[in-house]
Structures are given as C-alpha cells and as structure tokens.
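Residue numbers (the numbering used here), protein chains in the order written: chain H, 299 to 522; chain W, 299 to 522.
What follows is a set of notes on a single structure, which appears directly below.
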DNA sequence: AACCAAGTGGAGTGACCTATCCGCTTATGC
DNA sequence: GCATAAGCGGATAGGTCACTCCACTTGGTT
C-alpha cells in the first residue's frame, strides 16, 4: 500500500534495533527447541519464558502463532523441498523415492513440531504453502520416473505421501519413546506396499512392551 | 478392604436411586455422542450440558474422566473383542484377517473417540485393558493361522496392528471430511504390505483438493 | 404424611491460556 | 551527550478448563 517507505529494503518494514534483533533470534531459537519437544500446541508463555523475554516481546514480534511457526520452520521446510528436488534428480528414481520417504519420516520422528507442520493447512502462511507445493511437485515428477523405471506400482498416487505423513505423525504422537521404532516399521510396511516387487526389507517391530508402555497416558488430566 | 458391605451385590456399592440411575444413563449417552464427534478431549462441562445435568452430577457419578470413558466405550470394546474372536474362527484366516482390520479401522473412522480409545493406555481402567488383551490374543492366533495358510507374510508382527491403528487415527485426526477416504486408502496400502501375494486391490486415493482442504486449520487459535 | 439420606445444580476456586496495556529502559542518530 | 522513538517486561483483562462446596430438592421407606 505505502509506496517505498524508506530505502530499497522492502522485506522488513524497518530495520530492527540491534537488541530487538537479538531477542527475535532468541525467541525463534527457543521456539524451535520447544516445538521440537512439545509440538505446535506449546504455549506462547512457555516459549517466552524459555527465550528469557517477556510475553509482550514475543507477541510484538510475532502477532499470531502462525507467524512464529513460519519463522521457526521455514528452513526445515526448505530443506524438505531441497530433499525432494534432489530425490527427483537422483540417478535411480526408486532409490530417490525410498530415500526421500524415509528421510522425511525420520525428520518427523525427530521433531514433533515438524511432524505437525508437515500435516497441517497453513491458512495464511504463503511461504510454507509455496515450499510444500514445490516439494510436492518435485515429488510428483519423481513418481513418474519411478513408475517408468518399473519399481513403483502404477496405482501409487501423489496423495499417498501426505497420507503417509499424517499416519506417521499419528504413530509418533500416540507412542512416546518407542515412536522412532514404530515409525520405522510403518514406513517399511508402506514402502513394501508402494514397491512393484514388494520385496523391500522390513525394520523389526517394536516389542509389545515398549509399544504399549510408551502409549501416552491420557489426553488430559492425569486422573488422581 | 471392607468385608462384604451389605448384601451379595458387590459390583455397585449400593443401588442408585431411580432418578440418579436415569441421570447416569443420560450422561453416558450424551458423552457417547460428544466423544464420537469431538474425541476424548471433549470438555466435561460440555458433556454435562449435553446431558442436561449439572456439572456436579457428572463428577459425582464419574470422579475421573477415565471412569466416564470406560462406561462409554466398554461395549464398543466388547464388540471389537467379539469381532477379533469371530475373525480368528473364520473359515479363511486371511479373509478373517482382512475383514477384521478393515472393520476396526472403519469403526475408528466413524468415531473419533473410539479411534483414540483404541490407541491409548488405560492406566487404571482394567476392564478396557482386559478387553484389548483378549482381542489382541485372538488376533495373534489369527495371525498364526493366516501365516500357515500362506496368505499373510511371515514377518508380520502382532504389533503391526496397533501401529496401524495409531496411523489410522493420525490420518483421521489430521484430515476432517475426507478422513474416511484417506483412511480407506491407508488401510488398503497396509493390507497390500501384509499380504504374501501383494495383489490386494487398492481403494482410490482422495483427490488432492479434498485432502488438503480437509486438513485441520490450526492446532490452536484461529489466526486473526 | 413425614422423615432423611441420597441426589441435585450452580456458584466458586484455582490453574493455565492468549492477548493487550502502559510506565520504564535503552539503542541510535544527531 | 542528549533527545527520542523503539523496545521492553510485568500487570492485567478475559477466556476455558477441571474440580469442589453447599444450600436446596426429592425419591423411597416407614
């Protein structure tokens, strides 16, 4: 709306004061840690505390939760996009496919926030939306190659990837410690289903004990 | 602790007054509806309101959330157990297996609360724990039969079922309207992975539009 | 009909959350 | 060095939640 507010730098309306810039970074860094552990529903107050700043500072810099999420996960989403592009250009399409799927699911396992970001709808966050779109397009091209290679089943659909990501996030969210093992197992099974030969090796199943004992206790209220 | 409080009836300490009994039933019925739609994190106050009783009445009858969950889902869990036993005794082990997996996943799709109940750890709710245990044991026997039949892959593990249930719950939780279609697709892929021949038919993938548009907006706070 | 324990609803408590207001502090340009 | 706008953080408003307390009501029994 306003025509060229000051100098050429139009990305940020005005340069931040140096201490403010530092606080911003501290907030993003703290949020990164908290989101990784607790997921996107982590409280704003908790993030501010972890960053060592007041609540107001957080809200001044990131008026909506989505602004913070965008700032935190922009680079992870970029790496995801780059991984998809690299897979698309890999020598063996199937190896690229398998590697990409395993990688992104492992990233989900390592970062609860990222697992949720990958499976949510970013209403207004155009940056994340574009990154996902680009990754998705690269992945779709990869699918074509892998099918022509004869290694990926013909009826595989691009939508099977987001479905797998949502499924994987579900497993990771439902089971705590044994999450990584269960996730690997799920991904292994899915890759088998995707592969034309169906002869993919399968990671070991987690033991019943770690699986059941790892399940999150209750959704709410720890019951006397 | 107390030796034989009064009469032989030791299941309920004392018979409820008739109006109290009626209120109890209304609460359970209301909770059934609310849990189905909103999942287990539905608020207690909302359930009381839906039942047309005061909050105190709800808490007097069901001191912890788990007590209410148990009362609501005991019969669904029993039906689940019965389905597993029936599948175990089915003529074709593979058909029993496939049918049971599809059935329980469809039940999850139809009932958000049940989807969560199937993937959680019931700390003190011994009834639910026993029902799950019995279902799990029947299912484990079924697995043996299906493997001997040569239709189920040798490396299938009983733990793959809970993993699938958690995955399915994740898909259903992440996507709203298109949940059923995405869930069916997931189950189809998994059954392919489980089957020795790998020639299971695959339900159609949901369209990208309904899949992405169906994704839940945000975890919290609807962004300005 | 009268008694009363069992039952009831709603106000109240305290915890936690997002989000804003406002008086004080400080980095920066001159 | 000084003026001042930018930035700061704590207090606070206003929401939701689980859960309790208590004065009143009512079903069942005699």
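All C-beta atoms in this analysis are idealised placements derived from N, C-alpha and C, irrespective of residue type, glycine included.
Rounded straight-line distance, which links the Cα of residue j to that of residue i
i             : j             : result
residue 507/H : residue 465/H : 21 Å
residue 523/W : residue 313/W : Because chain W in this structure spans residues 299 to 522, residue 523/W falls outside the shown range and cannot be described.
residue 449/W : residue 398/W : 15 Å
residue 324/W : residue 356/W : 10 Å
residue 376/H : residue 438/W : 43 Å
residue 383/H : residue 436/H : 5 Å
residue 453/H : residue 390/H : 20 Å
residue 402/H : residue 418/H : 15 Å
residue 432/W : residue 504/H : 20 Å
residue 499/W : residue 490/H : 15 Å
residue 341/H : residue 416/H : 20 Å
residue 429/W : residue 461/H : 30 Å
residue 388/W : residue 362/H : 55 Å
residue 511/H : residue 405/H : 23 Å
residue 459/W : residue 447/W : 19 Å
residue 492/H : residue 514/W : 27 Å
residue 396/H : residue 485/H : 10 Å
residue 316/W : residue 354/H : 55 Å
residue 322/W : residue 394/H : 57 Å
residue 440/H : residue 455/H : 12 Å
residue 379/H : residue 336/W : 34 Å
residue 374/H : residue 472/W : 20 Å
residue 381/W : residue 381/H : 43 Å
Nearest candidate by alpha-carbon position, reference residue i, set the options
i             : options                       : result
residue 251/W : 438/W, 416/W, 502/W and 362/W : The question about residue 251/W has no answer here: the residues shown for chain W are numbered 299 through 522.
residue 509/W : 474/W, 409/W, 411/W and 440/W : 474/W
residue 392/H : 494/H, 339/H and 455/H        : 494/H
residue 422/H : 348/H, 347/H, 482/H and 367/H : 367/H
residue 434/H : 413/H, 415/H, 457/H and 412/H : 457/H
residue 351/W : 320/W, 491/W and 468/W        : 320/W
residue 318/W : 339/W, 335/W, 360/W and 338/W : 360/W
residue 451/W : 472/W, 340/W and 496/W        : 496/W
residue 334/H : 358/H, 411/H, 363/H and 381/H : 411/H
residue 414/W : 440/W, 315/W and 338/W        : 338/W
Bridge partner(s) assigned by DSSP for residue i
i             : result
residue 513/H : 473/H
residue 493/H : 450/H
Residues of its chain near residue i, where Cβ-Cβ distance is below 6 Å and the 5 sequence neighbours each way are ignored
i             : result
residue 420/W : 426 and 427
residue 306/W : Because residue 306/W carries a pLDDT of 39, less than 50, the predicted location of this residue cannot be relied on, and the following value inherits that uncertainty. None.
residue 328/W : 345, 348 and 349
residue 442/H : none
residue 541/W : Because residue 541/W is not part of the residues shown, which for chain W are 299 to 522, the question remains open.
residue 409/W : 334
residue 483/H : 501 and 503
residue 463/W : 416 and 417
residue 358/H : none
Residues of its chain near residue i, where Cβ-Cβ distance is below 7 Å and the 5 sequence neighbours each way are ignored
i             : result
residue 344/H : 332
residue 407/W : 470, 477, 478 and 481
residue 400/W : 485
residue 517/W : The predicted position of residue 517/W is uncertain, since its pLDDT is 49 and thus under 50; no value can be drawn from it.
Distance cut-off 7 Å: residue i Cβ against heavy atoms of the ligand ZN
i             : result
residue 366/H : Judged by which ligands are present, the structure shown has none, so any question about the ligand ZN falls away.
Same chain, Cβ closer than 8 Å to residue i, neighbours up to 5 away in sequence not counted
i             : result
residue 326/W : 366, 369 and 370
residue 372/H : 425, 426 and 429
residue 467/H : 406, 413, 414, 416 and 417
residue 364/H : 420, 421, 422 and 423
residue 385/W : 394, 395, 397, 398, 436, 437 and 440
residue 522/W : Note that residue 522/W scores a pLDDT of 32, beneath 50, so its modelled location is shaky; the value from the coordinates is reported in the next line. So the list is empty, once near-sequence residues are dropped.
Give, in chain order, every unbroken run of the alpha helix (DSSP H) that is at least 4 residues long and sits entirely within the segment 419 to 482 of chain H. 424 to 447 and 458 to 472
Segments assigned alpha helix (DSSP H), at least 4 residues, entirely inside the segment 353 to 424 of chain W: 353 to 359, 363 to 386, 391 to 408 and 410 to 415
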